[in-house]
Amino acid sequence: MAGKKEQKEKKDKPLDKWTMKELREEALTIPNIQGVHGMNKEEIIAALRVAKGISEPESKKKGGSVREIKAKVADMKKQREEERAQGASRNRLDILRKKISRLKRQTRA
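This is the structure:
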């Protein structure tokens, strides 16, 4: 059982700094949230913000969530393979490679 000091420290931290274990425990105490164990960290944080009425802070990432960015990367890779099969120039393939690399970098930011 967590002491008063640990509970106070946990409430002072922003949700995105909480561990998955802390987030799951908190989400399980709220009856409106279903399927906590199947969610990833972003999904649990979003559900907790909705349940507690906390506004979402400004996002540092430009492209959206990691899943959205990875979907864009997959589309770009398909496009690159199609253009390679059609015999696109080396410069065009390099441009696509650099765009893919930039998107992948955004997932790690």
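Residues in the sequence shown are numbered consecutively from 190, following the working numbering.
A virtual CB, placed ideally from N, CA and C, is assigned to each residue, including glycine.
Note that this is a predicted model, so its numbers are computed, not measured.
Residue nearest to residue i in terms of C-alpha spacing, selected from the options
i: Q268; options: A240, E215, K259, L285; result: L285
i: N229; options: W207, K288, E272; result: W207
i: I289; options: G276, A260, M209; result: A260
i: I258; options: I222, R297, A235; result: R297
i: L217; options: A240, D201, P203, D205; result: A240
Backbone secondary structure at residue i - three-state DSSP
i: G242; result: coil
i: S278; result: coil
i: M228; result: coil
i: T208; result: coil
i: I284; result: helix
i: S254; result: coil
i: K267; result: helix
i: I233; result: helix
i: K259; result: helix
Whether residue i touches residue j by CB criterion (7 Å)
i: R238; j: E245; result: yes
i: V262; j: L282; result: no
i: I222; j: A236; result: yes
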